[in-house]
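Have a look at the structure below before the remarks.
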Ligand code: BGC
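In the numbering used here, the protein residues as written are 573 to 818.
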């Protein structure tokens, strides 16, 4: 069965029809740049452009880079503040001609996809997926069930918000070497381990493609640490799963 998934990110809005049996895109994804400022109506236009590119009509699952409760976006760390307390599912559905929209946090969507089709498949106990990108997203699972909207990228670490210190944006903005950035990620993981004792960390986001550059440098964390397997498509797949109620 095909369902449509869209991933709203800080730099791009990407989407594709997803084959839910395989957990993979059934056509090559289409991407538009995230408008700046990323206001609700400008982003809704971007989402519509992606969906219309495929001539898709029907239910659409969409990720959002902030807290989402029952279709309402509650925070907006890396997008326009106009999203705070916005009926985003209603707005996006109206922009898509009334198609039903299911909206969820981007890291939660990526996590659900990885737990079903990727690095977390069949894993019991406490599993934590982290996405490193413009911010840091988190998805927490107990025996495969998601605890939504955990927002662990905003934990304070040495007087800084963790995502300001250890996201890939921080790496780029401050021109950090891989070893320097890996030390920051290591401290962050050690802190999360102290608080949650997960059995497994799954490292997602675009940087998961370059896992060999930094994962071998991370020491002193007891939990297993593995790269995400669906890489940058996890959000799209997870969004489509959510729209199909999976
Ligand atoms: C947001 C999270 C999001 C993460 C990754 C953070 O700034 O607060 O909701 O999952 O960025 O996009």
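By construction, the Cβ of each residue, glycine as well, lies at the ideal position given by its N, Cα and C atoms.
Keep in mind that this is a model prediction, so the values were computed, not measured.
Supposed contact pair residue j and residue i - C-beta distance, whole angstroms, cut 8 Å
| i | j | result |
| --- | --- | --- |
| residue 708 | residue 734 | 6 Å |
| residue 676 | residue 635 | 6 Å |
| residue 658 | residue 612 | 5 Å |
| residue 714 | residue 722 | Contact doesn't hold; Cβ gap of about 12 Å is too wide. |
| residue 798 | residue 758 | About 15 Å; that fails the 8 Å criterion. |
| residue 582 | residue 637 | 6 Å |
| residue 597 | residue 805 | 6 Å |
| residue 704 | residue 740 | 5 Å |
| residue 644 | residue 621 | With a Cβ gap of about 24 Å, residue 644 and residue 621 do not count as contacting. |
Identity of the residue in the options nearest residue i by Cα
| i | options | result |
| --- | --- | --- |
| residue 801 | 742, 684, 770 | 684 |
| residue 576 | 680, 787, 591 | 591 |
| residue 764 | 682, 698, 574 | 698 |
| residue 579 | 679, 647, 668 | 679 |
| residue 787 | 816, 731, 815, 751 | 751 |
| residue 574 | 791, 629, 621 | 629 |
| residue 724 | 717, 701, 742 | 701 |
| residue 795 | 772, 815, 638, 803 | 772 |
| residue 633 | 726, 585, 646, 710 | 585 |
| residue 817 | 691, 672, 692, 742 | 672 |
| residue 785 | 754, 769, 589 | 754 |
First and last residue of the uninterrupted beta strand (DSSP E) at residue i
| i | result |
| --- | --- |
| residue 695 | Per DSSP, residue 695 belongs to no beta strand (DSSP E) and is neither H nor E. |
| residue 574 | 574-580 |
| residue 710 | 708-714 |
| residue 799 | 796-799 |
| residue 545 | It is not possible to answer for residue 545, since the shown part of the chain is limited to 573 through 818. |
| residue 718 | 717-719 |
| residue 776 | 772-776 |
| residue 636 | 632-636 |
Limits of the unbroken alpha helix (DSSP H) element including residue i
| i | result |
| --- | --- |
| residue 594 | Neither: residue 594 is in no alpha helix (DSSP H) and is coded neither H nor E. |
| residue 786 | 783-786 |
| residue 673 | Not the alpha helix (DSSP H): residue 673 falls in the beta strand (DSSP E), residues 673-677. |
| residue 808 | 806-815 |
| residue 740 | 740-745 |
| residue 752 | 750-768 |
| residue 646 | Looking at the DSSP string, residue 646 is not in any alpha helix (DSSP H), and its letter there is neither H nor E. |
| residue 625 | 612-625 |
| residue 725 | Segment: none, residue 725 is in no alpha helix (DSSP H) and carries neither H nor E. |
C-beta neighbour in chain D for residue i, strict 8 Å
| i | result |
| --- | --- |
| residue 790 | Judged by its chain identifiers, the structure shown contains no chain D, having just a single protein chain. |
*asked:* Under 8 Å: do the stretch 777-788 and the stretch 809-816 share three or more Cβ pairs, one atom per stretch?
replied: Cβ pair count under 8 Å is below three, so no.
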